[in-house]
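Order-wise, the sequence lines are chains A and B. Just so we're aligned, residue 1 is where the first sequence starts under our numbering, counting upward by one. Just so we're aligned, residue 113 is where the second sequence starts under our numbering, counting upward by one. Glycine included, every Cβ here is placed at the ideal spot set by N, Cα and C. Here the structure is a predicted model, which is why all the values come from computation and not from measurement.
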Amino acid sequence: AQSVSQHNHHVILSEAASLELGCNYSYGGTVNLFWYVQYPGQHLQLLLKYFSGDPLVKGIKGFEAEFIKSKFSFNLRKPSVQWSDTAEYFCAVLPGANNLFFGTGTRLTVIP
Amino acid sequence: KAGVTQTPRYLIKTRGQQVTLSCSPISGHRSVSWYQQTPGQGLQFLFEYFSETQRNKGNFPGRFSGRQFSNSRSEMNVSTLELGDSALYLCASSLDSGSGTDTQYFGPGTRLTVL
Numbered sequence: 001a002q003s004v005s006q007h008n009h010h011v012i013l014s015e016a017a018s019l020e021l022g023c024n025y026s027y028g029g030t031v032n033l034f035w036y037v038q039y040p041g042q043h044l045q046l047l048l049k050y051f052s053g054d055p056l057v058k059g060i061k062g063f064e065a066e067f068i069k070s071k072f073s074f075n076l077r078k079p080s081v082q083w084s085d086t087a088e089y090f091c092a093v094l095p096g097a098n099n100l101f102f103g104t105g106t107r108l109t110v111i112p
Numbered sequence: 113k114a115g116v117t118q119t120p121r122y123l124i125k126t127r128g129q130q131v132t133l134s135c136s137p138i139s140g141h142r143s144v145s146w147y148q149q150t151p152g153q154g155l156q157f158l159f160e161y162f163s164e165t166q167r168n169k170g171n172f173p174g175r176f177s178g179r180q181f182s183n184s185r186s187e188m189n190v191s192t193l194e195l196g197d198s199a200l201y202l203c204a205s206s207l208d209s210g211s212g213t214d215t216q217y218f219g220p221g222t223r224l225t226v227l
């Protein structure tokens, strides 16, 4: 069965620190990969996505993610976080059917 | 272009009652998926509708049902509510171009509280 693991449940960083959130999935076939963000009191928004091609994808607000097929990973990165990045981040896998499998989420708190 | 809209935004019901939630997808989007979000279980897929037909179903009991109308709007229904049904119910729509590379866009959700 498909599953998505986000190993960090809560990450606390100071502003300007670098961020890397881990995401690993288990699925043997071709997958589409996503990172969604949920800011406090707001709905889920797409941060970035990978379908094919360059494994390094860039998203909104300076975020990027790298797809490493051999490691079944799709880690999210940002070189310098801001207080406004405080949110919950969800990695998701779309293995074919229109059925997203989500990780449990990582709560990011950025301290000014 | 307007985003995905969901009504109502908040609902309070008591055990045993039933509830209907509504979702209007982004104009032109033909697929509507529903998800349940709870602190304990996270985001879980309920079902997906396309062309007024349920195309995919998650692992939820039959008390959870849905439908889609010809204009792609969708409703989900939960009968005989239980305390554990308290959750944020999210609707997502996608174009469903047939390419397998569609992105799902989420609505704000309906917060259901069962007392």
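Between residue i and the ligand HEM, is the CB less than 7 angstroms from at least one heavy atom?
{"i": "Cys203 of chain B", "result": "For the structure depicted, the ligand HEM is absent and the ligand set is empty, with no information on it obtainable."}
In whole angstroms, what is the alpha-carbon distance linking residue i and residue j?
{"i": "Ser184 of chain B", "j": "Ser134 of chain B", "result": "11 angstroms"}
{"i": "Val81 of chain A", "j": "Glu64 of chain A", "result": "12 angstroms"}
{"i": "Asp54 of chain A", "j": "Leu193 of chain B", "result": "46 angstroms"}
{"i": "Gly128 of chain B", "j": "Arg175 of chain B", "result": "11 angstroms"}
{"i": "His10 of chain A", "j": "Phe101 of chain A", "result": "20 angstroms"}
{"i": "Val86 of chain A", "j": "Gly59 of chain A", "result": "Sequence inspection shows Thr at residue 86 of chain A; the Val mentioned does not correspond to that position. Each residue's alpha carbon lies about 16 angstroms from the other."}
{"i": "Glu113 of chain A", "j": "Val110 of chain A", "result": "The structure shown does not extend to residue 113 of chain A, since chain A is modelled only from 1 through 112, so no value can be given for it."}
{"i": "Phe162 of chain B", "j": "Thr215 of chain B", "result": "15 angstroms"}
{"i": "Gly221 of chain B", "j": "Leu202 of chain B", "result": "4 angstroms"}
{"i": "Leu158 of chain B", "j": "Asn99 of chain A", "result": "9 angstroms"}
{"i": "Gln45 of chain A", "j": "Ala17 of chain A", "result": "23 angstroms"}
{"i": "Ala204 of chain B", "j": "Ser143 of chain B", "result": "8 angstroms"}
Given residue i, which residues of its chain have a CB within under 7 angstroms of its CB, disregarding the five upstream and five downstream residues?
{"i": "Gly140 of chain B", "result": "Leu207"}
{"i": "Gln156 of chain B", "result": "Tyr147, Gln148, Gly170"}
{"i": "Gly28 of chain A", "result": "none"}
{"i": "Ala199 of chain B", "result": "Gln148, Gln149, Thr150, Leu224"}
{"i": "Val31 of chain A", "result": "Tyr25, Val93, Leu94, Pro95"}
If the cut is a Cβ gap below 9 angstroms, which residues of chain A does residue i touch?
{"i": "Gly154 of chain B", "result": "Phe90, Phe102, Gly103, Thr104, Gly105"}
{"i": "Leu202 of chain B", "result": "His43, Leu44"}
On the CB-based measure, 16 or more other CB atoms within 10 Å of its CB, does residue i come out buried or exposed?
{"i": "Pro173 of chain B", "result": "exposed"}
{"i": "Gln118 of chain B", "result": "buried"}
{"i": "Pro137 of chain B", "result": "buried"}
{"i": "His43 of chain A", "result": "buried"}
{"i": "Gln153 of chain B", "result": "exposed"}
{"i": "Ala114 of chain B", "result": "exposed"}
{"i": "Tyr89 of chain A", "result": "buried"}
{"i": "Gln166 of chain B", "result": "exposed"}
Can you name, in chain order, every residue of its own chain whose Cβ lies under 6 angstroms from the Cβ of residue i, other than the five neighbours on each side?
{"i": "Ser177 of chain B", "result": "Asn189"}
{"i": "Arg107 of chain A", "result": "His10, Glu88"}
Reducing DSSP to helix, strand and coil, say where residue i ends up.
{"i": "Ser143 of chain B", "result": "strand"}
{"i": "Gly41 of chain A", "result": "coil"}
{"i": "Ser184 of chain B", "result": "coil"}
{"i": "Leu224 of chain B", "result": "strand"}
{"i": "Leu207 of chain B", "result": "coil"}
{"i": "Ile138 of chain B", "result": "coil"}
{"i": "Gly103 of chain A", "result": "coil"}
{"i": "Leu193 of chain B", "result": "coil"}
{"i": "Ser163 of chain B", "result": "coil"}
{"i": "Gly62 of chain A", "result": "helix"}
{"i": "Ser84 of chain A", "result": "helix"}
{"i": "Ser198 of chain B", "result": "coil"}
{"i": "Ser70 of chain A", "result": "helix"}
Excluding sequence positions up to five away, which residues of its chain have a Cβ less than 8 angstroms from the Cβ of residue i?
{"i": "Val131 of chain B", "result": "Leu123, Lys125, Asn189, Val190, Leu193, Leu224"}
{"i": "Glu164 of chain B", "result": "Arg179, Gln180, Phe181, Ser182"}
{"i": "Ala92 of chain A", "result": "Val4, Leu33, Phe34, Trp35, Tyr36, Leu100, Phe101, Phe102, Gly103"}
Give the interface partners of residue i over in chain B, defined as CB-CB distance under 7 angstroms, in chain order.
{"i": "Gln69 of chain A", "result": "Before going on, a small fix: residue 69 of chain A reads as Lys here, not Gln. Going along chain B, no residue has its Cβ under 7 angstroms from Lys69 of chain A, so there is no contact; the nearest lies around 17 angstroms."}
{"i": "His43 of chain A", "result": "Phe218, Gly219, Pro220, Gly221"}
{"i": "Lys49 of chain A", "result": "Thr215"}
So residue i contacts chain A; which residues on that side make the cut at Cβ distance below 8 angstroms?
{"i": "Tyr217 of chain B", "result": "Leu46"}
{"i": "Phe157 of chain B", "result": "Asn99, Leu100, Phe101"}
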